[in-house]
Each structure stands twice: as C-alpha cells, then as structure tokens.
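A.B. asks: Below are the structure tokens for one structure; questions will follow.
4 protein chains.
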Amino acid sequence: MNGFEDKLWLRVRYSETDQMGTFYNSRVLEWFECARSEIMRKLGIPYVEMEARGFFLPLIEAHVAYQGRARYDDLLELTTRVAFEGRARLRCEVTIVQAESRRPVASGHTIHAFTTHEGRPQRPPAWFIGLVEGKLTAPPPLRA
Amino acid sequence: MNGFEDKLWLRVRYSETDQMGTFYNSRVLEWFECARSEIMRKLGIPYVEMEARGFFLPLIEAHVAYQGRARYDDLLELTTRVAFEGRARLRCEVTIVQAESRRPVASGHTIHAFTTHEGRPQRPPAWFIGLVEGKLTAPPPLRA
Amino acid sequence: MNGFEDKLWLRVRYSETDQMGTFYNSRVLEWFECARSEIMRKLGIPYVEMEARGFFLPLIEAHVAYQGRARYDDLLELTTRVAFEGRARLRCEVTIVQAESRRPVASGHTIHAFTTHEGRPQRPPAWFIGLVEGKLTAPPPLRA
Amino acid sequence: MNGFEDKLWLRVRYSETDQMGTFYNSRVLEWFECARSEIMRKLGIPYVEMEARGFFLPLIEAHVAYQGRARYDDLLELTTRVAFEGRARLRCEVTIVQAESRRPVASGHTIHAFTTHEGRPQRPPAWFIGLVEGKLTAPPPLRA
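Protein chains in written order, with the working numbering: chain D, 582 to 725; chain Z, 582 to 725; chain C, 582 to 725; chain W, 582 to 725.
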C-alpha cells in the first residue's frame, strides 16, 4: 500500500477501560479517528478544513483485529497509513502497539467515501490526491 | 419542586463499565439524557420536535452525587422530574436506583437554557410552559 | 449460518450522535454489544452468568459496514445471529435497520474467543454448545 | 483552595462532538479524568500506582458549569487543582478554556473518597497528604 504514513501516541483513558480490565472494544475506532485527525494535519489539510471546503469522509467500512490488552494509562503507539482505494475511496490502516513493550494491541482499517455535507458522493479534489501521493504539501488557498 | 414526573428503566451496558467493575462516572450524564428524552416524549413534545421548532435546550449546569455501584446488566430505575427554574431555565432532576434492591446508585440534576440553533437565548414558548405545568397535553400543530 | 437468532430495538441516544448529525461510527460496536447481551439472555445464559461460571468472550475481530444514517431518537431494529465458527470461536452477526422505514443502517459481525478471566484460551463447555445449537434451553445449575 | 496545580492540553475528538456541533456534555467528566491522571503523575504518584498500593479514589460528587462551545479539533487548556476537603476527601477543580482565544468552555469539580478495592472507606496515607501539600515529591518505595 502506497500513500502517506504518520505516528501518534496516546494514553488509555480510565473511561476507555471496561470491567474486564482492558480497553473496551469500541474505543479502537475512536483511536483510529484520532490517528486520522493527526495524519490529515500532517498531510497539510486538517479534517476541519476538509469539511470547511465541503468534503466529508464518512466511514463506509471498519475492520478491527484485537491482538492484546491495554490497561488504563498504558502508552500506545499508533502507526497510520492513508492511501486511495480506487479513485473515490480513502483507505486508512492503523496499527496499535504498546509503546514500550512493542506488544500488539489492535490493528485494522477504515474505508471512507467522499461526500458533500448532505451525504451525496463526490470525487476527491485533485489537490487532495496530490497531498496523499506526496506531490503537494498544502492545499490551494480557500477563496473567501 | 412542582412539574412533571416520569420513570424509565435501562440496563447498564458493558461499554459503560470501567476497570473498577462499576459504571464509569460520566455515564450518569448520558443516562440523565435518556431520562430527559423520555420525559419530553411523555410531556407530548419529543426533543427532536423541540429542535424542529427551533428550540434548543443546552446544558448550563450538571450535578451528580454518586451513591452506589451498578454493574454490567444491572437493571436501573430512573425517576425524572422536570420543572422551570425561573422563567427561562429548565431544571431536570433524576434519581437512579437499582430496580430490584432499590439501592441508590446516583442522583443529580441538569439545568438547561432555551436557545436558538445558533445558541442565542430565547424565551420558552407559552405552549411548552403549559406542557410542563400540566395545562396542555400537546403542542400546537407545526405550520408547514 | 446456523445458530440462534434474536431481535432487539433501541433508540439512538443524543450522546451517540456526532457533528455530522448521524451516529458516531464506534457506537455500532456498542449496539452490537447490546445485541449480544440480549441474545445471550434469550439463549438462557446471560453474559454475567457466563463470567460467573468462568467463561469470558473477548472480541478478536470486528467488522462493520456502514449503510445509512440514523439520527438522535430514531428507533433501530437489530437482528442478531450467533453461531460457532470452528470449535472454539463464536461468531455474532448483527444487522441494523431503521425500525419504521426498514432502511439499512449498518451490519457486521464480531468474532469471540473463549477464555478464562486471565485471558487464557479454553474450550466452550458442552452445555453452551447445546444452547447455541438449540439442543438445550438452560445451562446446568451452578454448584455453590 | 490550597494544594497542587497542573495544566494539560487536549484536542476535542470527533467522537466527543454531538449533533449540536459542540462537545457532548458528558465528555467534560472524561476530560476531568484526564486532568486528574496528569496531576497525579505530576504529584509523583500516577493513579495506577495508587491502585497498585490499594488506594482507590471513586467519585462521590461531580459538578460542571457549561460556559461555551468547543468544536472538533479545538485545542483546550485544562487547569487542575487538587486539595483535601476535610481529612478523607480529595477535591479536584478543573477549568477548561479554549487554548488560543482563552474563552471559557467549562469548569467544575469532582470530590473523591479514599477506599479499598472493595469500596470500603479508608484514610489517605500520610505520604499522599505530603505529596498534595508539597512536602514530599515521591511516595515511599513499594515493598515487594
């Protein structure tokens, strides 16, 4: 998978644990979201700016493999990779490990459509393709 | 406190527990929200209709006293009471007990402003006051 | 897929929405959990009893396809099916539709291991296999 | 209020927003928890170590005043202050502002008991009092 890669570190919050003593399973999708937020910022287009420009990236698919435990306050390392899947879908792969022991915690991916605010499909703009493929470092200025 | 009273039952979800083996503290505010949703429906004006009519009820204050444990799958009983606090604020009191043992779990209140979608304060409409005070059972029809 | 089927209805909570105006993506995994809780109860073995008997069912995989919107207070219908995948894994498939319009919202599955409290793999007990395959309606009594 | 003060910065996650376009109200209690985690670390006793030493700090009260909006990806600054309330309760005050504009977002406090793992009240240890009052910088070593 080509594309753009980024890393992020975060600590497991108490609110993210459950009575089994590890993180509750749905939190992984929230951490994937944090990973996407940061990789978009690194790409040069924070997701808030995407939305301001009229591009929304709703999930159409999510997949998670649970590999190990993570307890409250554990420091996790997330490695994120984003690339196109076909011409109109974005694929985001995330791998989560314990930052110190390197033990795997979870990995998976999300697939995103490009839509308008109302949810209608639209093509990704050329500048966004350029950012993901490393041919651009910033989007064109927003006209006022 | 005058006003309107309602009851609701819900079970503690696994996602609402934490590693201490009881519910995580912020869930109580989510349960309070469920309680408000149901009491609004019983009042005759589901909260979605409030928003459709241009009235928003953002929280301006929340208070919770934590009184006892509740584990995954425990059945909780919520008693809700809604009343005006002054002329432009709504106060919602909720008491949560274990449905079977009647042991207290948490109690508290939220205070809500009346605002427009943009967050500007506005007066509660006369029909809403009528519903809360038990003088009306339904809002006037929405003009198309 | 053979196995046992169940239905559950729930309303989208305000806390489950996000700024796009629909449910936030990770909530689907929480709803899947609610669906599993109910199907276990219908099977004759509430999940709390599974844990009390020393059987834990941690997720090893989750997959979600997002198909449509669901707004605050929408009534959702969840259809759940549970069956064995091989001899030591449980597969739980859930389909979520808008209860009134029947429009699809999300569908997917989770795969679960059988472990001890400490997370060591163990075989599912014969009585559990009997419940899932419809050959039993209750587990054997728990010895004190 | 005497005691110990700390600062923490965090960004609003997409999962923390709701359909009103601002953060969902219960998230404030989760952010308060993050603030407590960090101030405990700065005090010299990460909360995981407190639990490892047999001291639990369950909430007995929470209060939040909601003062302003915070949108997805906004950078928030949390100022935390921890002090004793009487001899056996800890009070944690948190103020949240927009990091750039300094606009208030929310403020409030939580009050915590000292309990055993089973939830029985116990006195805070002398070393913990020393840490909060700034007379110690680290707890005594844990005996193996």
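Beta carbons: idealized from backbone N, C-alpha and C, even for Gly. Since the model is a prediction, treat every value here as computed from it, not as a measurement.
1) Quick one: which chain C residues come within Cβ less than 7 Å of residue 607 (chain W)?
2) Taking all protein chains shown into account, decide if residue 598 (chain C) is buried (16 or more other Cβ within 10 angstroms of its Cβ) or exposed.
3) If you follow the beta strand (DSSP E) that residue 617 (chain C) is part of, which residue opens it and which one closes it?
4) Could you tell me which of C:635, C:698, C:645, C:661 sits nearest to residue 608 (chain C), measuring between CA atoms?
5) So for residue 711 (chain D), helix, strand or coil by DSSP?
6) Quick one: what does DSSP say residue 682 (chain C) is sitting in, helix, strand or coil?
7) Mind checking residue 703 (chain D): buried by the 16 CB within 10 Å criterion, or exposed?
8) Would you mind sorting residue 635 (chain Z) into buried or exposed? The rule is 16 or more other CB atoms within 10 Å of its CB.
9) Can you tell me where the beta strand (DSSP E) holding residue 646 (chain Z) begins and where it ends?
10) Within 10 Å of its beta-carbon, does residue 667 (chain D) have 16 or more other beta-carbons around it, so buried, or fewer, so exposed?
11) Helix, strand or coil: how does DSSP classify residue 699 (chain W) here?
12) From the DSSP output, in three-state form, read off residue 669 (chain Z) for me.
13) Give the residues from the region 611 to 640 of chain Z that approach chain C closer than 8 Å (Cβ to any Cβ), ordered along the chain.
14) So, is the C-beta of residue 602 (chain W) closer than 8 Å to a C-beta in chain C?
15) For residue 638 (chain W), count the other beta carbons within 10 Å of its own beta carbon; 16 or more makes it buried, fewer makes it exposed. Which is it?
16) Out of C:650, C:630, C:641, which has the shortest C-alpha to C-alpha gap to residue 641 (chain D)?
17) Compute the Euclidean distance between the alpha carbons of residue 617 (chain W) and residue 669 (chain C), then round it to the nearest angstrom.
18) Counting only Cβ-Cβ distances shorter than 7 Å, please list the residues of the region 637 to 666 of chain Z near chain C, keeping chain order.
19) Helix, strand or coil for residue 593 (chain D), going by three-state DSSP, please let me know.
20) If distances are taken between C-alpha atoms only, which option among Z:671, Z:677, Z:648, Z:684 comes closest to residue 658 (chain Z)?
21) Give the DSSP-derived three-state secondary structure of residue 687 (chain Z) in the structure shown.
22) Could you pull the start and end residues of the alpha helix (DSSP H) that residue 631 (chain W) belongs to?
23) Use the C-beta contact count for residue 656 (chain D): other C-beta atoms within 10 angstroms, 16 or more gives buried, fewer gives exposed.
24) How many Å lie between residue 706 (chain D) and residue 660 (chain Z) at the Cα?
25) On the DSSP bridge list, what partners appear for residue 585 (chain Z)?
26) Considering only C-alpha positions, which residue in the set Z:720, Z:711, Z:695, Z:724 is nearest to residue 584 (chain Z)?
27) Can you check whether the C-beta of residue 545 (chain C) is within less than 8 Å of a C-beta belonging to chain W?
28) Report the partner residues of residue 657 (chain W) according to the DSSP bridge assignment.
29) So residue 614 (chain C) and residue 682 (chain Z) are in contact, right, with Cβ under 8 Å, and what is the actual spacing, rounded?
30) Check each residue of the region 697 to 714 of chain W: if its Cβ is closer than 8 Å to any Cβ of chain Z, include it; give the result in chain order.
31) Identify which residue in W:699, W:625, W:590, W:600 has its Cα closest to the Cα of residue 716 (chain W).
32) Residues bridged to residue 636 (chain W) by DSSP?
33) Per DSSP, what kind of secondary structure is residue 719 (chain Z) in: helix, strand or coil?
34) Between D:606, D:631, D:687, which lies nearest to residue 696 (chain D) when the distance is taken from Cα to Cα?
C.D. replies: So, from the data block:
1) 596
2) buried
3) Note, residue 617 (chain C): premise wrong, no beta strand (DSSP E); alpha helix (DSSP H) at 608 to 624.
4) C:645
5) helix
6) coil
7) exposed
8) exposed
9) 640 to 647
10) exposed
11) coil
12) coil
13) 611, 614, 615, 618, 627, 628, 629
14) yes
15) buried
16) C:650
17) 41 Å
18) 653, 654
19) coil
20) Z:677
21) strand
22) 628 to 633
23) exposed
24) 52 Å
25) Z:663
26) Z:711
27) This structure cannot speak to residue 545 (chain C), because chain C is shown only from 582 to 725.
28) W:591, W:679
29) So it is not a contact: roughly 24 Å between Cβ atoms.
30) 700
31) W:625
32) Beta-bridge pairing links residue 636 (chain W) to no other residue.
33) coil
34) D:631
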